[in-house]
Each structure stands twice: as C-alpha cells, then as structure tokens.
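J.: Protein chains in written order, with my numbering: chain A, 13 to 346; chain B, 13 to 346. Before we start, here is the structure in question, set down as structure tokens.
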C-alpha cells in the first residue's frame, strides 16, 4: 500500500507570515496580534468583493516586507478563496509580477497552498513561493447564504465566516518553522446536507487524514504539542474527538480548532465558531506561527478543512463533501 | 533575472489521455475520435451540474483503463472546472480513493493541472498523477450568461462553451509524449470589460507567456511543429498573431487555437469558436495527444488560457484578467 504522508529530506521553511483582519476578529482572542486591521471591514473599497481582494494584496505585501523581499524574489503564488471563480485572489494579486497558480480547496485552501508551496520548494522546483488565502464575512454571506440586508438568523451549528487573509512565504533557505511533511486530503462525503453544519460535513475528512497520518507515521496524538484543524467549530471538533477516540486515538487537550480559537466566546456570539479560508490562515499567521518561532510549540499538525459544496449543489439537494489537508510543522529551536 | 521556464531533467510522460464530449463536439472536426460521447449531453443525470461531474468521473475512469491502472496506482488528482466552487470536480471525483488537489484556473485549468502533475512527477514527489478538467455548455450558460430557456443571442465575438472533459495520466515511467518543460502564467489585465470577448481578455496573457518563453529558451515559433492556445477563438487568436508579429515573432501557420479547431465552421455556427475548461482538454486528448504518440508532431507548445472573472466581478464593472500556462511537450519517436 502506498504512503500518503510525504516527508521532506530538506524541509522548507516558513520564513514569514502575515495576517489581515476586520473588526470582529481583532475583538477576539488574538486582539492586537494581527498585522493589519480595518475596523470598518472595507479596506477602503466600495464592494465586499474588492475589500477581500485588497486584503489579499495587503497580506502578500506585508509577508514580503516581513521577509525583506520583493515580488521579484518570489517564484510562484499559490492562491485561492471562497468567492465564485476565486476572484478575490485573481484580482487581489494582479499587482504582483509573480507566476500564479489558482487553487480551490474551500476553507482548506490555506493548507493546500502551504502544502503545494512547500512541495515545490522542498523538492527544488522553486526557491521561494507564497501561499495566500482569504475570506470576507460579507462577500461569503451574500454568496452562500442571504443578502446581508435580509438579516437572516443563524442556527446554533452555523459558523461565522472570518474576515481575514493570511500569507506565508515558503523558502528553501532562511529562518522559521520547518514544514517537515504533509499529507494531501481525499474528498469524503458522509451524507450531510445541512449547509448550516459545515463542521459535521468536514469532520469525516479530518478523521480520515488524521487516522491515516497516525497509522503511517506510527505516532499518537500525544506526540504532538498541538494538533489544530482549520474550522470545524464546536460541532465538528466534538465529532472528531469522539470518533477518533472510537478509532483508538485520544486526541487530548492539545487538539484544537482555529474556528474555536479565534473569537472570544465569552464576549462574542459566533455560534459554532469561525470558518472560511481566512480562519485557519490568520490564526496560524498571528498566533501559531509566533509560538513555532519562539519555541513554545515544537511539533505541530495543522489541518486545513474544507467543505466542497456550492450554493447550487446544496439547492439541488446534494450532500456536502469535505477534504482535510495536513501539514506537519516543526518549530524553531529555543 | 530569474527564469520562469522550468525544464525537466527527467521529463514525465503523459501515458494516457481520455476525452468525454457531448453532441455538438462530436459533430465537429474530431468526430469519432472522442472516447465517450453522449448525444443527449446529459450523461444520464438530472441536472446540468451533475452531468458535468459525471463527465469528469468517466474521463478519469477511461484514462485509468487506457493506462491499465486503477485508482490505487495514482498518487494525486489535480482537478478543476468553471462551476462555482468547482463542484463538478468535487462531486465527480468522489468515487476515487485518491488524494485531491482542487484547482481554479478558469479555462487554463487543463494546462495548470498537467503542469502541477508534471512538476510533482518530474521531481519525484509522486510517481503517477492525474490531471482532469471539464466544462458543460448548459451549466456554464446559466451560471455565466442567461438561463437556457431565455434563448439569449450571442454576439459575434462570443464563444461556445464546450461540453467536454479530458483526463491525463502523468507518470514517471511508461510510454507516451514527454513533458519536457513548463512555464506558469502570470495574471494580466489589460482593461477588457466585454464578457462576450474572452479572446481579447486572454490574449495579453498568452502574448506575455509566449514572448517570455521564446526569449528565455532562445527559440522562435518556427522551431515548433505546433503552438496551440486553449480557447482564444478567432478574436484572441488574431490578436496574438498580430501583436506577436509586432514583438518580432512571426507565429506562422503552425500557431493554432483549440477553440478554432474543435467545431466545423462550415457546418456549425459557433461564433468565435469553442471555449471552456473542456475545450483545450478534449482537443488535446482526442487529437494532439494522438499525433504526439504516432510521431506526426514532435515539438509542441500547449498553452492553457483562462479568463479570471466571475459573473459578480463583471456586473460590478471590473475588467477581466487573463492567465496562460505553457506546457512544452515532445512527441514519441517514430
């Protein structure tokens, strides 16, 4: 049987990470830790879609600045988002004179981009690549749910699409956490049709990837300082814990979810937590990345989770497939 | 200055190619050369979107059969399409137990997928990968233009979205044409806002990639047996010829466009030609691939061209960026 886990002989480094967010995100747990915040969520643009594009532009600009690089130093951009035809990336990154690979992995896109960038850099195809992704609550709401003006009620299992963009510079050389391996996800559909319960739709793919990873690497959850899924929320996080336990893996308290980490549940009513392409990207960039750099975190599994439906497929009654891409990262030495 | 052209030390092989099309495509120039044809365009499904998914499933099945492989032999799928959130790929490929990378490159997706598969295989990350893409005229029409029942008139520069899916097995070993190099495209926007003139929107990116390729490789158009763009149509093909000539490159008669090759202009009124993710994929699979295998074609440049707008971005008055990914392929020895 073939192995899905790809281990790097020469692990590429994440030499910089940047985060751009809106008001609610900055009012959450990681207040003050984001690189760029616009309290108006508009980023000086006149449509929600343009605001999201602008967030990607700013995230890449900031990631380049932090790494002391310009776009001429970068071999490729791996970018995607949730909007139809991924226009946030297409328009947002027009300014950069860098070869462009468009991705669609729903909310797993941050991990998909970091994975492809790492593979390209780790195997010597490119020297430096950038992975970038975004979501904007307002562009997502009107596309996937209702016009904002309608003021539709959210159900308890629904999640709040994060207004955020994260960018990561992956390099052959330099300082930063190392991507030591990765495992691409498989599309899995367990029949969930409730568009307000993405956590349940995505959990089976996270379980598939995690189980396969632990088996292939002969490790256990306790071997990691942090195992973090992208945006399963309360519902999906609970399902993963329960079913992994039934599979013989106690996920322990080090298993977290970016969707649960980002907002302040005591002060902010975000139902089942955060979601969207931007959720795992900004939590990783603003928080996890820092702890990997300063030695607080050593051995981390980062799983991007995505729900692969469209508004049309849901209206047509199809169930929602999920996918979970895993990145295995090691922190900098203390 | 960094080079964009990536040349393989160990060129991967395209060991099989499959094509699945509808009625109008089979009535075109390559009548009888497609692997699977459904004259009803429905592929036994009850929605256009499901028909498109089914086409991708069939294309992968046929490509595997032709290579005498099963899904267990394949390390990764690189897949995408034009539908919102790429659901044709997400749903169509659920049956296959293969790690999945979702792509969005508009009509350039076939080339983007072949490029990423080739890079992954050529640099030893994977042994075998499949690139697959599709478009369906009916799912595209109602998403990008008007409901079919409305019977909207097309303008002369508009193109006909191909109902087709093509899949390609890229392998380290085996027989077939070699991918000897590739050049990823950059997103380029020259201000075209007419959604019925995709050719003009995509032509600048094709010109950028071609000019850069000829410069970096120090070659001329006459050094190639065939240079073929994906779906620029009459308008875009003419623009590329004219502007490349002004840049000092006579593209010659060996410069063709899949959108011009697929339909029979004498019998079929397809305005400016074919378009869509499926266009270049099925022309490559059903025709070019065969000529590369039987030695009729030796040295070929295949450019996937994509228009990176969405219906929303066009309604909001934004111009249409384009992208063109180039694959350099050498045929089998006679």
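C-beta atoms are modelled at their ideal positions from N, C-alpha and C, and glycine is treated no differently.
Using a Cβ-Cβ cut-off of less than 8 Å, give me the residues of the segment 49-72 of chain A that come near chain B, in sequence order.
T.: For the segment 49-72 of chain A, which is checked against every Cβ of chain B, the residues closer than 8 Å are 59, 61 and 62.
J.: I want to see whether chain B comes within less than 7 Å of residue 112 (chain A), judged by CB atoms only; does it?
T.: Chain B contact via Cβ: present.
J.: Counting C-beta neighbours from all protein chains within 10 Å, is the total for residue 105 (chain A) 16 or more, i.e. buried, or is it exposed?
T.: Buried, since its Cβ has 16 or more Cβ neighbours within 10 Å.
J.: Tell me which residues share the same chain as residue 118 (chain A) and place their Cβ nearer than 6 Å to its Cβ, disregarding the 5 neighbours each side in the sequence.
T.: For residue 118 (chain A), where only same-chain residues beyond five positions count, the Cβ hits under 6 Å are 318, 319 and 320.
J.: By the three-class DSSP mapping on this structure, what secondary structure does residue 263 (chain B) have?
T.: If DSSP states are grouped into helix, strand and coil, residue 263 (chain B) belongs with coil.
J.: Is it right to say residue 38 (chain B) is buried, meaning 16 or more other beta carbons lie within 10 angstroms of its own, or is it exposed?
T.: Counting Cβ neighbours within 10 Å, residue 38 (chain B) comes out buried, since at least 16 surround it.
J.: Please decide whether residue 305 (chain B) counts as near chain A, where near means a Cβ-Cβ distance under 7 Å.
T.: So, not an interface residue.
J.: Counting contacts by CB-CB distance shorter than 7 Å, is residue 167 (chain B) in contact with chain A?
T.: Chain A, which has no Cβ nearer than 7 Å to the Cβ of residue 167 (chain B), makes this no.
J.: Beta-carbon of residue 117 (chain B) versus every beta-carbon of chain A: anything under 7 Å?
T.: Closer than 7 Å to some Cβ of chain A, the Cβ of residue 117 (chain B) qualifies, so yes.
J.: Can you find the residues in the same chain that come closer than 6 Å, C-beta to C-beta, to residue 188 (chain B), ignoring five residues on each side of it along the sequence?
T.: The residues are 25, 26 and 27.
J.: So, with DSSP's three-state summary, where would you put residue 178 (chain A)?
T.: In the structure shown, residue 178 (chain A) sits in a strand (DSSP, three-state: E or B).
J.: For the segment 238-248 of chain A against the segment 280-289 of chain A, do three or more pairs of beta-carbon atoms, one drawn from each stretch, fall closer than 8 Å, so that the two count as touching?
T.: Yes: the two stretches touch, three or more of their Cβ pairs being nearer than 8 Å.
J.: Quick one: is residue 99 (chain A) near chain B, going by C-beta distance under 7 Å?
T.: Output row for residue 99 (chain A): interface = yes.
J.: Check whether the segment 129-146 of chain B and the segment 210-222 of chain B are in contact - that is, three or more C-beta pairs closer than 8 Å.
T.: The segment 129-146 of chain B, when compared against the segment 210-222 of chain B, does not touch it at the 8 Å Cβ threshold.
J.: Listed from N- to C-terminal order along the chain, which residues in the segment 182-202 of chain B have their beta-carbon within a distance smaller than 9 Å of any beta-carbon of chain A?
T.: Residues passing the 9 Å Cβ filter: 195, 196, 197, 198, 199, 200 and 201.
J.: Label residue 30 (chain A) either buried or exposed according to how many other C-beta atoms from any shown protein chain fall within 10 Å of its C-beta, with 16 as the threshold for buried.
T.: So residue 30 (chain A) ends up on the buried side.
J.: Is the beta carbon of residue 296 (chain A) closer than 7 Å to that of residue 150 (chain A)?
T.: Contact: no.
J.: What separation, rounded to the nearest whole angstrom, lies between the Cα atoms of residue 333 (chain B) and residue 255 (chain B)?
T.: Residue 333 (chain B) and residue 255 (chain B): Cα-Cα distance of roughly 18 Å.
J.: What does residue 321 (chain B) reach in chain A if we use C-beta pairs closer than 9 Å?
T.: Those are 97, 99, 102 and 103, listed as they occur along chain A.
J.: Considering just the uninterrupted stretch of the beta strand (DSSP E) at residue 90 (chain B), what are its terminal residues?
T.: Unbroken beta strand (DSSP E) run through residue 90 (chain B): 88-93.
J.: For residue 102 (chain B) and residue 331 (chain B), what's the separation of their Cα atoms in angstroms?
T.: Near 28 Å, if we compare the C-alpha coordinates of residue 331 (chain B) and residue 102 (chain B).
J.: Within 10 Å of its beta-carbon, does residue 301 (chain A) have 16 or more other beta-carbons around it, so buried, or fewer, so exposed?
T.: Classification for residue 301 (chain A): buried.
J.: For residue 88 (chain A), go through chain B and note every residue whose CB falls closer than 9 Å to its CB, in chain order.
T.: Simply 196.
J.: In the DSSP output, what is residue 312 (chain A) paired with across the bridge?
T.: BP columns for residue 312 (chain A) point to A:238 and A:341.
J.: What residues from chain A crowd round residue 92 (chain B), counting only those whose CB sits closer than 9 Å?
T.: Ordered by position in chain A, the residues that pass the 9 Å Cβ test against residue 92 (chain B) are 114, 115 and 116.
J.: Considering residue 146 (chain B), what are the terminal residues of the beta strand (DSSP E) in which it resides?
T.: 140-147 is the extent of the beta strand (DSSP E) around residue 146 (chain B).
J.: Give the residues of chain B in contact with residue 14 (chain A), contact being defined as C-beta atoms less than 8 Å apart.
T.: Those are 84 and 87, listed as they occur along chain B.
J.: For a contact defined as C-beta to C-beta under 8 Å, what are the partners of residue 328 (chain A) on chain B?
T.: What residue 328 (chain A) touches in chain B: 59, 61 and 62.
J.: So, residue 313 (chain B) versus residue 343 (chain B), is the Cβ gap smaller than 7 Å?
T.: For residue 313 (chain B) and residue 343 (chain B), no; Cβs fall outside 7 Å.
J.: Under 7 Å Cβ to Cβ from residue 85 (chain A), same chain only, skipping five residues before and after it: list those, please.
T.: These residues qualify, in order along the chain: 140.
J.: Between residue 195 (chain A) and residue 17 (chain A), is the Cβ-Cβ spacing less than 7 Å?
T.: Yes.
J.: With a cut-off of 7 Å, does the C-beta of residue 23 (chain A) fall near any C-beta of chain B?
T.: So no, residue 23 (chain A) is outside the interface.
J.: Name, please, each residue of chain B whose Cβ falls closer than 8 Å to the Cβ of residue 333 (chain A).
T.: Those are 102, 103 and 106, listed as they occur along chain B.
J.: What does residue 135 (chain A) reach in chain B if we use C-beta pairs closer than 9 Å?
T.: Correct list: 131, 132, 135, 136 and 137.
J.: Enumerate, from N- to C-terminal direction, the unbroken beta strand (DSSP E) stretches of 3 or more residues contained entirely within the segment 184-211 of chain A.
T.: You should have 190-195.
J.: So is residue 28 (chain A) in contact with chain B if we call contact Cβ pairs under 7 Å?
T.: Taking Cβ atoms only, chain B never reaches closer than 7 Å to residue 28 (chain A), which makes this a no.
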